[in-house]
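Here the structure is laid out as structure tokens; the discussion comes afterwards.
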Amino acid sequence: MQRKLSAVLLSLAILTSPVMAAEAPFADVDKANYFLKEFEKEVERAQGASNTRFFHKTDALTRIKQLNEQYPDDPRVKELMKRASIAVQRSMGDFRQITPEMLAYKTNEEQMRTRIKKMNETEWNKQQADKNVLTKVFPAGDPESVNIQDYLNKYVVLENVLYPSNMFGGGSGDYISVGKVSAGYYFISMNERNWYGAYEAIRRYRSMVDASIGDNLNFKVLGKITSFVRESPDSSVEKKSPFVWGWIVVPEMIYANDTVLAVYDPNNDNSGYFIGEELVDKIKDSWYTVKSVPEDADPKKVMEIFATAIKEKNYKLYLDCINPDRRKTDIGTSLLRYHWDLHQNRFQDEYVYVEFDDPKITVIKGFDDTNDLDTYFLNENQRDQLTKMGGEKEELAIVYSRAYDKNGKQIGSKNPHELRRKGNGRWYVNTYDIRF
346 MQRKLSAVLL
356 SLAILTSPVM
366 AAEAPFADVD
376 KANYFLKEFE
386 KEVERAQGAS
396 NTRFFHKTDA
406 LTRIKQLNEQ
416 YPDDPRVKEL
426 MKRASIAVQR
436 SMGDFRQITP
446 EMLAYKTNEE
456 QMRTRIKKMN
466 ETEWNKQQAD
476 KNVLTKVFPA
486 GDPESVNIQD
496 YLNKYVVLEN
506 VLYPSNMFGG
516 GSGDYISVGK
526 VSAGYYFISM
536 NERNWYGAYE
546 AIRRYRSMVD
556 ASIGDNLNFK
566 VLGKITSFVR
576 ESPDSSVEKK
586 SPFVWGWIVV
596 PEMIYANDTV
606 LAVYDPNNDN
616 SGYFIGEELV
626 DKIKDSWYTV
636 KSVPEDADPK
646 KVMEIFATAI
656 KEKNYKLYLD
666 CINPDRRKTD
676 IGTSLLRYHW
686 DLHQNRFQDE
696 YVYVEFDDPK
706 ITVIKGFDDT
716 NDLDTYFLNE
726 NQRDQLTKMG
736 GEKEELAIVY
746 SRAYDKNGKQ
756 IGSKNPHELR
766 RKGNGRWYVN
776 TYDIRF
């Protein structure tokens, strides 16, 4: 009886005792851990970029998934799951919350763009009425069969002006053709400053007001018919365009994308201007959040000001951030403007916010008096002698940037920016052409 009772109690003890959790095989965990470590290294090297190919991602995640399905209570598997979750999230890119303050520059630009556009539209309509332009443009009269005086010195508005695609060099000069053989031609003259004076004003508008206008512009031209000429608008071998009569039009105004009206003006310093150009700087000055670079600004602060100058379209501040040595020549000045336009386009189309890492500073010329390890072994006379021998100290700083789009997602990897300073002077951006 006692034996039976003991057996029953033993059976109950076995039934009620906790079941030992199954453990994942050590070799499987070890292999999964190896591939996960390699995946984590790849994520780290990507530096927040999402468009990276991860060679060990599939192996790592597949092995960990199988382990978790078979041994969900194993602490080692739980730890692998936790690390894998973090790695997967980081592999999809770094994110930031985009606040209204970060987008203030876009709001300001839109308000100015709307204001300038209304002014330009009003002036365009007024000019057409004042000039009493020809009401019938096409088909264009054939100079051999119409009264020439009905066309000469008359104003005409030409639409769908394609530049530079319809530009051609003729025997009598350079022109932009508008029309076709069946309907007749007008040749917009590029032999005077009229076209380029107005066209460059449109380029200034893009840099100063609205980078989103882009390069593919739809031009309307208001100009005066001054003569006629027989030319071949397309002399390419493939098309073999015939020689045709065309009315020569000297442009006075260019209206681009129904947005900005550029006017030729021989008395203007730039031979032209866009309507409202004189107001742009005053409008922008009211929204600038920073207007100068402090003398004691560290490299990271200088880069922040540099990015702000671009976002807020403060070209003067943009120049003040850049190493003066980079803008001593005409080519240097031209490159500054070229890369300014590139930066403008990127802040319009690619990213809206930039943040910077702390700088890494090294002395590239002269004695480094900030090196505590070296100076520990040198007395004051030795340090003074080394300072004189080394000449003026020059320092190099590398600052990495991260750029984020309007949804807060990081665009690409980090990008390094180089800054320099001489002596105890100010820090200046040296590689101003690097994207954020």
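For the sequence shown, my numbering assigns the number 346 to the initial residue and increments by one for each residue that follows. C-beta: ideal position from N, C-alpha, C; glycine also.
query: Beta-carbon proximity list for residue 690, same chain, < 7 Å, skipping 5 on both sides; result: 556
query: Residue interval of the alpha helix (DSSP H) (run including residue 685); result: 675-694
query: Under the three-state DSSP convention, the category residue 761 falls into; result: strand
query: Span of the beta strand (DSSP E), counted from its first residue to its last, around residue 505; result: 500-506
query: Unbroken beta strand (DSSP E) run spanning residue 592, endpoints; result: 589-601
query: Selection from 566, 548, 573 and 456 that minimises the alpha carbon distance to residue 558; result: 548
query: At least 3 beta-carbon pairs within less than 8 Å: the region 736-743 vs the region 602-609; result: no
query: Option in 627, 626, 777 and 575 with minimal Cα separation from residue 681; result: 777
query: Whole-angstrom distance between residue 675 and residue 709, CA atom to CA atom; result: 28 Å
query: Residue 640, DSSP secondary structure in three states; result: coil
query: Which of helix, strand or coil DSSP assigns to residue 582; result: Note that residue 582 scores a pLDDT of 43, beneath 50, so its modelled location is shaky; the value from the coordinates is reported in the next line. Three-state result, residue 582: coil.
query: CA-to-CA distance, residue 711 to residue 766, given in whole angstroms; result: 12 Å
query: Buried versus exposed call for residue 431 [16 or more other C-beta atoms within 10 Å across all chains shown]; result: exposed
query: Terminal residues of the alpha helix (DSSP H) in which residue 749 lies; result: Residue 749 -> not in any alpha helix (DSSP H); beta strand (DSSP E) instead, spanning 739-749.
query: Range of the contiguous alpha helix (DSSP H) that encloses residue 544; result: 539-553
query: Cβ contact (3+ pairs, closer than 8 Å) linking the region 561-570 and the region 590-601; result: yes
query: Sequence-distant residues of the same chain with beta carbon closer than 6 Å to residue 604, five excluded per side; result: 462
query: 8 Å Cβ cutoff met for residue 406 and residue 372; result: no
query: Collapsed DSSP secondary structure at residue 442 in the structure displayed; result: coil
query: Beta-bridge pairing of residue 606 - partner residues as DSSP gives them; result: 600
query: Exposed unless 16 or more other CB atoms sit within 10 angstroms - verdict on residue 578; result: buried
query: Span separating the alpha-carbon of residue 501 from that of residue 638; result: 50 Å
query: Residue closest to residue 758, alpha-carbon to alpha-carbon, out of 781, 551, 489 and 460; result: 781
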